[in-house]
Structure formats: C-alpha cells, structure tokens
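A quick write-up on the structure given underneath.
Dropping the structure here:
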C-alpha cells in the first residue's frame, strides 16, 4: 500500500491552505494581489493534486478512487476544478473562501480514516472508470450548489433583516448566487445522468441485467428526482429565492447520505472500502 | 535644502476666506514663477483646491527664512490685508511639511475622509509646476512619493472606500440584491430633492428602465427629462409597481402610502420576483408590514443612515493603517533628504578647500616662484591630492552610515558653508 499522503499530497494541501489564506484576505481586506494570488495558488494546487492522484494510482496499480481516501481526494479535485471554472467564467472570487475549507476537509479525512489495504481492483475497464468519475463530478457540482445556496440564505436573511455587515458587500449579489447554484445543479444533473448511464452499461457487462436493485441505485435516482424538482420549482413564483435555496440545501443531505452511509453500510456492489 | 510649507485649509479658514485665497492652476504656476524670480525660493508648487491653498517650496540651507516674504506675497497676490490672515496661515518645515503633503495626498487631511479627488488634484498641480520648470530634485521626489502614498493608501486600506450618502447606500443595496442594474427597472415616486437624487443615482448606475411618477405631472415630466427617464401618471402607480424591481418613494405629506395589500398584489402580479423598496419619505410612505412579504426587501431612511454610519466608521478605522503608510514614506524621504544634504555639504566643503588652496598659493606666489615650473605643478597637485585624501574617509562614512549623514549638515556651520549659492547642488 502506498503512503496515503505523498509529498505531492502535502504540497497540494499546502497550496490549498495558502490559497484559502489569500481568499480570506481578499474577503476581509482590500488588495487586488490577494485575489490573483489565491487563484494562482489554487491552480497550482489543482495541478499538484492531479499528479498526486496520478502517482497514487500508479503506486497501487488501480484507479484513484479505489478506497475512501482516493475517492474523497478525487471529489476534492473535482470540486476545485469546477469552482475554478466558475470563478473564471463569472470573475467572482469571494466564494473561494467558502469552498476551500470543504476541499481541505475532504483532504483531511485521510487523517481520521484508518488506511487499510484496498480490495483487488475490479477489472471493469474504462466504462466503469467513467461511471465513477461522472458520479464524483456530479457530487462536486452539487457541493458547489450547496455552498452557493447556504451563502444565499445567509445574505438573504441579512438583507431582509436590514442588518448588513461589512463582509456582505464583498459577496456576490443574490441574483448571481441563485444563478450559480442553478448552474451547479445543471452540471451535477448532467454528470449524474451520464454516470448512471455508464453504470447501467457496466451492470449489463457484469450481470447481464441493465439495472439491479441496490440502495445506491435507489438513492441515486432519488437525488436525480430531488434536483429535477429543485430546477422546476426554483423559477416558480412561490419558490423562487430563499425557498428554492432551502430545497437545494436539503437535497445536498441526500447526496452526503449517498456518498457516506449508503456506500459504507447499505450498498452491496458499490462498497469498495 | 529645506522643504517649507505655507498654507490655509478648511480647518484654519472659513469658506469665504478660502475662496479669496484660491489659486487656479494657471495662477499657481504664475505665482510660483514670480516667487522664483524674486529669489524667495528655489523650487515651488502651489496646491489649491476648494479645501486648501498651500505653497510647497524649497529654500537653500541657511538662506533667509521665507515665512515673511511668502506671507507678504500671499497677501499681495490676492489683494488681502495681512491682518485678515491672522491665525489662519500655518507654517511647516522639513519633516512636518513632508508629512503634511503625504497626509493630504492620502486623503487624511480632507474634509471628507479618504476622498479620491484630492489625489488627482495633487497630480495635476505637480505636473503643471513640473512643466513650468518650477520643481527640482527635492520637490520632484517629494511629490512623486506623495502620489505613491496616495495610491498605496487607497489600494491597501479601505480609507478610500467610496463614501456613502443615503441615496448611494440604497443603490449599493440594490446592486447587492440584483447585481448590475442594467437588466432591472425602477420607479421613483415623488420628484422632490431626495427623489431626484435617487433617480440620478439609478441612472448613473445604468438602470435598465426608469420611471418617475408624481402627483403633479409637470414635476414628474421635468425630472424624467432631466435624468433621461420616462414619466408615468400618478394613477398608474399600481400597474407600475407590478413591473419594476426597485421602488423609491419620497412623497411629502401623510395622505399617500403603499399598503401591504397593494404590495402583496404587485408581488403576486410579478410572480414573486425580488422587489427592493426604498422608502425615503418622512413620514414613511410604505407600510412597514410589507417587509414581511416574501422576496420583498424594504429599507427606510433610518436603515440607510445606519449603513452610511457603518461606512463612515469602517473608513475611520482604517486611519491608523493609512497613518503607518504615511510615516513609512516620511522616514524614507527624510533618509533620502539627509543623504542629499550631506552629499551637497561635502561637495561645498571640497569646493571651499580648493578655494582655500588657491588663496594660499596666491599668497605664497613669490615663494613658490623659486621652484622650477615642473616642481610647482607637482606641489599644487600634491595639495589637491591632500584635499581629496582628507575627504575620502568622510565620503565613505557618509555612504555607509545614516547617522553620520544626518550629522553631516553640521559641516556647514563648522566650515561656514552657508552661503546661499553654495548649497544648490543637492539632490539626485
């Protein structure tokens, strides 16, 4: 078993931490350099993180999500990748200070998760790899939507309560937060549907059936339904705004439940660690 | 060389006196040229804004004190009796003058703390004086550093964060809700002073569509024409409410108000899209209970004034950081100036020693004539070398040791180097 935290892993964590410090500086004080430095450090961290995953995959002769660390690490990588993409598209750096603690938390999970030998890599080929990768990308996009929705709700409360605080002026406007949360859900839904599609192909290759009953499959379809519901109601008169954001936050608990409890305790053939 | 400042500002003189003492940019250059021509100063910049009229000058070390001459010039230029300026003029020299300019450039000395306009005025004034050839190494260095201080303070602290009025605070809130306002619409009810300010702010922030409504249609038409908006008949207020994202009310009298029911109906008609209500009326024009409606953001004058106050306090809390930047640059300038002064003093000492050598050789011309020409040349060369040898160590110590540089100006007193023309070679 290769060391779970390689030198590249530590370097990645260091770069993400430095980037977080710059994002926080940008959020709480003036200075253009802090925002630029934060983005550059995050991009550097993303690159070293990629190589850390790659080195690790080579060393265990398996895909990087073979165990809990690999899986959470890949989720963190996708989270950074998706966030960086959105930051470049929207030119909005304030949210980095809220996303990066989650990224670091995911990386830190390795410290609390006792490393153990992973089971032999299931030889399911590239379709299986795409199935897992798409689903993890979906989880990262839903995580972003969750963060945007939480920030929306806090800011909405401050604005409606007529209690604006200094930091609020540096956050994106409510309208932008709502739009970014919706964009994240669109990306998540598309990835999840692709992931489920590839999963069905893998299922057919392994068992001959297109769809087997498994708690993981059930919860994945439920998540799909919840987020379709969110997209449907988020533009309706009764739900647009804070109520839709609450729904987005609640939906994310289903994602967390699927990623943790279902994987660890309930699923039969989605349990690799 | 010594930096000297004479001036009046909003703290020492009322607006009427400041108006009389104001220099236009051209007047400032003209005054500077005149002061130089009269030999009062070596370098000069006249900075004049609505809050201050200040003369920054450089006078030779040991030259006559310029206070009296500058004051007289100040009075004669503006045709004002000196007695009228009693207690209004302030004088600063060297370090204090430098610090004063840096504080001015940073916006720390402005009536509206941290205002940005002053930095542009300092730049324009300096460039005009430079073009007219009124500045030299000292004032060039001083003003360039002053501009850097101004930029740093605005970039590194929130002192320069835009000062807010009630109307601009409302616009900032609108942008925090909707983002850029170009895709939004607004209606202003009431065309009094507050309504007009709000309409102008909305227009300057690029609001997509803007309506003005007033009980007197002529007033609505006039304001609408002034700010490039459309006017709407007062009777159509309810329809307007359903269309717009931002509503500003500033209607005098207590007989008109927007009820919770009217706003609930408007929200229903607009599919509960977010609506920002700004009530600038006294007494209030909007039922406070409307704040409870879903997706409605209601702010009154008191709420906005609280935000204005928060903004002011936030800017004031940045003063110590801005002062630290000012101090840092004052130290830098002082170090540079002491170096420049020391180098100039040493150059004057070298010149004086050579002059002494020439006087000495002239006095002993007959004795020297006894030597062959070749020997005479050799003796003179050796004397020059002695002068250089004597000055080599002090020069090296000047380069290395800041304390020595600061004390080096004492050379002027010791060797009597204070003749006005002996100290014109300081600087870069």
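Chains as they are written, first to last, in my numbering: chain A, 1 to 273; chain B, 1001 to 1428.
For glycine and all other residues, C-beta sits at the position ideal for the given N, C-alpha and C.
Three-state class that DSSP yields for residue i in the structure shown
i              : result
residue 234/A  : coil
residue 253/A  : helix
residue 165/A  : coil
residue 1100/B : helix
residue 1095/B : helix
residue 1262/B : helix
residue 263/A  : helix
residue 1195/B : helix
residue 1276/B : strand
residue 1341/B : helix
residue 98/A   : helix
residue 121/A  : Per-residue confidence for residue 121/A stands at a pLDDT of 48, beneath the threshold of 50, marking its modelled position as unreliable; no derived number is given.
residue 51/A   : helix
residue 1161/B : coil
residue 25/A   : helix
residue 1186/B : strand
residue 35/A   : helix
residue 1138/B : helix
residue 239/A  : coil
residue 1295/B : coil
residue 1049/B : coil
residue 1200/B : helix
residue 1006/B : strand
residue 212/A  : coil
residue 1121/B : helix
residue 1315/B : helix
residue 188/A  : helix
residue 1417/B : coil
residue 1057/B : strand
residue 1249/B : strand
The ligand PLP heavy atom lying under 7 Å from the CB of residue i
i            : result
residue 59/A : Only the bare structure without any ligand can be found here, which leaves the ligand PLP out of the picture.
Contacts of residue i in chain A (Cβ-Cβ under 8 Å)
i              : result
residue 1314/B : 166
residue 1307/B : 164
Chain B contact residues for residue i, given Cβ-Cβ distances below 8 Å
i             : result
residue 159/A : 1173, 1176, 1177, 1297
residue 169/A : 1172, 1176
residue 175/A : 1177, 1178, 1179, 1274
residue 225/A : By Cβ distance, chain B contributes nothing, its closest Cβ being about 24 Å from residue 225/A, past 8 Å.
Chain B residues whose Cβ lies nearer than 7 Å to that of residue i
i             : result
residue 74/A  : Those do not exist, as residue 74/A stays about 33 Å from chain B at its closest Cβ, beyond 7 Å.
residue 184/A : Residues of chain B passing the Cβ test: none, with the nearest at roughly 17 Å.
Contacts that residue i makes with chain A (C-beta to C-beta distance below 7 Å)
i              : result
residue 1285/B : Those within 7 Å of residue 1285/B in chain A number zero; the least Cβ separation is about 17 Å.
residue 1303/B : 162
Presumed contact (8 Å Cβ cut-off) between residue i and residue j, rounded CB distance
i              : j              : result
residue 1108/B : residue 1322/B : 6 Å
residue 1164/B : residue 1341/B : The Cβ separation is near 45 Å, so there is no contact.
residue 1155/B : residue 1248/B : Between residue 1248/B and residue 1155/B the Cβ distance is about 34 Å, and since that is not below 8 Å, they are no contact.
residue 1129/B : residue 1029/B : 6 Å
residue 1022/B : residue 1048/B : 5 Å
residue 193/A  : residue 224/A  : 7 Å
residue 1089/B : residue 1071/B : 6 Å
residue 28/A   : residue 165/A  : No, residue 28/A and residue 165/A are not in contact; Cβ-Cβ is about 11 Å, not under 8 Å.
residue 1045/B : residue 1333/B : Not confirmed; about 15 Å, so no contact.
residue 145/A  : residue 94/A   : With 8 Å as the limit, residue 145/A and residue 94/A do not qualify as a contact, their Cβ atoms being about 16 Å apart.
residue 46/A   : residue 75/A   : Not really, about 14 Å apart at Cβ, beyond 8 Å.
residue 1250/B : residue 1194/B : 4 Å
residue 1325/B : residue 1149/B : 6 Å
Practice task
Identify each residue in the region 1328-1350 of chain B for which the Cβ-Cβ distance to at least one residue of chain A is less than 9 Å, and report them in chain order.
Solution key: From the region 1328-1350 of chain B, no residue has a Cβ closer than 9 Å to chain A.
Practice task
Evaluate the contact criterion for the region 1195-1204 of chain B versus the region 1212-1225 of chain B: three or more CB pairs, one atom per stretch, below 8 Å.
Solution key: Yes, the region 1195-1204 of chain B touches the region 1212-1225 of chain B.
Exercise for the section: Decide if the region 157-176 of chain A is in contact with the region 1157-1177 of chain B; the criterion is three or more beta carbon pairs, one per stretch, under 8 Å apart. Expected result: Output reads yes: the region 1157-1177 of chain B touches the region 157-176 of chain A.
Exercise for the section: Give a yes or no on contact between the region 1258-1273 of chain B and the region 230-249 of chain A, applying the rule of three or more CB pairs nearer than 8 Å. Expected result: With a cut-off of 8 Å, the region 230-249 of chain A and the region 1258-1273 of chain B count as touching, because enough Cβ pairs lie within range.
Handout entry: Selection of the region 1260-1286 of chain B by Cβ proximity to chain A, strictly under 8 Å
Key = If the cut-off is 8 Å between Cβ atoms, the region 1260-1286 of chain B has 1268, 1271, 1272, 1273, 1274 near chain A.
Problem - Within 8 Å of chain A by C-beta, residues of the region 1184-1209 of chain B in sequence order - result: So nothing in the stretch comes that close.
Exercise for the section: Count the CB pairs spanning the region 174-188 of chain A and the region 145-162 of chain A that are closer than 8 Å, and state whether there are at least three. Expected result: Contact between the region 174-188 of chain A and the region 145-162 of chain A is present, because at least three Cβ pairs lie under 8 Å.
Problem - Residues within the region 1-28 of chain A neighbouring chain B, beta-carbon criterion of under 8 Å - result: Hits within the stretch: zero.
Exercise for the section: Evaluate the contact criterion for the region 1391-1401 of chain B versus the region 1344-1358 of chain B: three or more CB pairs, one atom per stretch, below 8 Å. Expected result: Yes, they touch.
Problem - Cβ contact (3+ pairs, closer than 8 Å) linking the region 200-218 of chain A and the region 1206-1218 of chain B - result: Cβ pair count under 8 Å is below three, so no.
Handout entry: Contact set between the region 238-267 of chain A and chain B, restricted to residues whose Cβ is under 9 Å from the partner
Key = For the region 238-267 of chain A, the set of positions with a beta-carbon nearer than 9 Å to some beta-carbon of chain B reads 238, 239, 240, 241, 242, 243 in chain order.
Practice task
Give a yes or no on contact between the region 1292-1303 of chain B and the region 1091-1098 of chain B, applying the rule of three or more CB pairs nearer than 8 Å.
Solution key: No: the two stretches stay apart, fewer than three of their Cβ pairs being nearer than 8 Å.
Problem - At least 3 beta-carbon pairs within less than 8 Å: the region 85-101 of chain A vs the region 18-25 of chain A - result: The region 85-101 of chain A makes contact with the region 18-25 of chain A: 3 or more CB pairs, one atom from each, lie closer than 8 Å.
Exercise for the section: Could you tell me whether the region 125-139 of chain A touches the region 183-203 of chain A, using the rule of 3 or more Cβ pairs below 8 Å? Expected result: With the cut-off at 8 Å, the region 125-139 of chain A and the region 183-203 of chain A touch.
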